[in-house]
Ligand code: KG4
Ligand code: ZN
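Numbering (full-length UniProt numbering), first residue to last: 3 to 337.
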């Protein structure tokens, strides 16, 4: 039997990414062109600029990935592409490129969910064992997802307002830090002390939902009040206090979820999974629990990439799932 090669395409936000994985788990090419520099001066992602960059970069990134893998198109088993959620114009650039390639080379096409991709980044580290729980923390999502088998996602809790990454970026902006703010807050938090008392939204007994907008507002109000009183708060202490609150809620809710849903594995996924404080806190809490394996992907597989898109694509391919050439961007796609 010949090897399976899945080519993944990801353009949902501000990274143009193409990757190829072999037999579901082995990365043979992984190329990411980041646009962060172009969006920085606007303090966030500008959708129109994102689409234009994707269009400019896609061919280059494709060619680089094919070169890295040293493969010919007739060896590619399927092309998987992010169908949503994301910025509609950005998504369309990747979808149209994937469709054109699929059509011209006669290769099956598979539209995939971006968050399913983030979760499946873990399968590039370790074979998944079910049932499992995934803590998804990205710029657009904060979710606890229960899986009893491959490609079967049950959202048991989600954010009611801002996503964790969104809160990081907004607080960073308030502190005058560049976009994306997550890594800057992370760095500052390690230099400071959590001296400021900030709220934690538990949302009632037994709830696995999250809310971060109150915390974000509390940070803004605290800075404002201090300024009015002529007190200067150190950015590093604000960062440390904010990060402590976010991590506290994420770890405690995940711990309660693990108590309620006995699982074999706990996966961490999404851009905020790159956070050093969060990684350390999860390791401390979960690495010595009997029968529970904690999986945390390396930083490059936490933030947006196409290897994760190929990883979920591989599972769907094995299940016989295909998209037709009418595949369209779906910015509000549900998991
Ligand atoms: O998953 P991702 O790359 O894109 C989305 O699908 O949203 O996540 C991007 C988010 C941004 O909000 C960014 O600030 C955050 O991940 N992020 C971090 C860190 N690295 C990236 N947040 C906290 N600490 C980090 N080290
Ligand atoms: Zn993402």
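We put the CB at the ideal spot given by N, CA and C, even for glycine. All figures in this text were calculated on a predicted structure; none of them were measured in a lab.
Residue range of the beta strand (DSSP E) that includes residue i
i           : result
residue 24  : 17-24
residue 33  : 28-36
residue 268 : 267-271
residue 86  : 80-86
residue 319 : Here residue 319 belongs to no beta strand (DSSP E); instead the alpha helix (DSSP H) covers 309-320.
residue 138 : 134-139
residue 158 : 156-160
Sub-8 Å separation of residue i and residue j beta-carbons
i           : j           : result
residue 42  : residue 181 : yes
residue 1   : residue 139 : Residue numbering for the chain in the displayed model covers 3 to 337; residue 1 lies beyond these limits and cannot be assessed.
residue 30  : residue 81  : no
residue 190 : residue 246 : no
residue 122 : residue 259 : no
residue 211 : residue 159 : yes
residue 240 : residue 225 : yes
residue 217 : residue 203 : yes
residue 102 : residue 49  : no
residue 214 : residue 169 : yes
residue 273 : residue 87  : no
residue 79  : residue 8   : yes
residue 114 : residue 100 : no
residue 301 : residue 276 : yes
residue 257 : residue 285 : no
residue 45  : residue 175 : yes
residue 184 : residue 206 : no
residue 196 : residue 220 : no
Where residue i sits in the DSSP three-state scheme
i           : result
residue 107 : helix
residue 44  : coil
residue 115 : strand
residue 212 : strand
residue 144 : strand
residue 165 : coil
residue 100 : helix
residue 4   : coil
residue 243 : helix
residue 296 : strand
residue 53  : helix
Which listed residue (the options) has its alpha carbon closest to that of residue i
i           : options               : result
residue 255 : 144, 25 and 18        : 144
residue 332 : 242, 89 and 38        : 89
residue 111 : 330, 335 and 336      : 330
residue 116 : 285, 15, 198 and 128  : 15
residue 338 : 200, 305, 156 and 29  : Coverage of the chain is limited to positions 3 through 337, which leaves residue 338 absent and any answer about it impossible.
residue 243 : 198, 175 and 210      : 198
residue 187 : 200, 201 and 171      : 171
residue 134 : 287, 327, 289 and 266 : 266
residue 319 : 301, 109 and 162      : 109
residue 119 : 317, 264, 327 and 67  : 317
residue 177 : 207, 209, 200 and 222 : 222
residue 27  : 322, 37, 124 and 153  : 124
residue 137 : 72, 131 and 297       : 297
residue 148 : 311, 322, 325 and 264 : 264
residue 60  : 71, 37, 47 and 77     : 37
residue 322 : 17, 40 and 153        : 153
residue 77  : 107, 196 and 185      : 107
residue 208 : 196, 219, 261 and 173 : 261
residue 250 : 281, 163 and 233      : 281
residue 324 : 129, 94, 179 and 85   : 85
Extent of the continuous alpha helix (DSSP H) run through residue i
i           : result
residue 227 : 215-230
residue 10  : Per DSSP, residue 10 belongs to no alpha helix (DSSP H); it is in the beta strand (DSSP E), 7-12.
residue 189 : 184-193
residue 282 : 278-288
residue 302 : 301-304
Nearest-angstrom Cβ-Cβ length linking residue i and residue j, presumed shorter than 8 Å
i           : j           : result
residue 141 : residue 165 : 6 Å
residue 19  : residue 308 : 4 Å
residue 23  : residue 299 : 14 Å between Cβ atoms; not a contact.
residue 13  : residue 96  : 3 Å
residue 25  : residue 6   : 5 Å
residue 235 : residue 268 : Contact flag wrong, Cβ pair sits at about 35 Å.
residue 327 : residue 105 : 6 Å
residue 17  : residue 306 : 4 Å
residue 56  : residue 40  : Incorrect: roughly 11 Å between the Cβ atoms, too far for contact.
Beta carbon proximity, residue i to chain C, threshold 8 Å
i          : result
residue 99 : The chain inventory of the structure shown lacks chain C, comprising one protein chain alone.
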